[in-house]
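In this note's numbering, the protein residues as written are 267 to 357. In this text, a Cβ means the ideal position worked out from N, Cα and C, and glycines have one as well. Remember, it's a predicted structure, so these values are computed and weren't measured experimentally.
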């Protein structure tokens, strides 16, 4: 299964196709630099917006405890789900 978050995913393939159609090496480098800067700025902006919302919610103790419990539980479940096949393969 390939996703946009894995190396070699659809996003990487799409970027490679676009770069392949650009005629000069200099233009390819500029495109990749602009793509990288734009991606970084976009992720930073979205992270900032999410962080601002979370900081506002963080003033309520009960909400913070509930969110912490939910996130911790999900993290443990995902860790067990991802890690469980390893001992099975080793046996």
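For residue 302, the enclosing alpha helix (DSSP H) starts and ends at 291–323. Per the coordinates, the alpha-carbon of residue 283 lies some 11 Å from the alpha-carbon of residue 294. Shown here, residue 288 sits in coil according to DSSP, grouped into three states, outside any helix or strand. A direct Cα-Cα distance of roughly 27 Å separates residue 317 from residue 348. Rounded to the nearest whole angstrom, the C-alpha separation of residue 337 and residue 312 is 20 Å.
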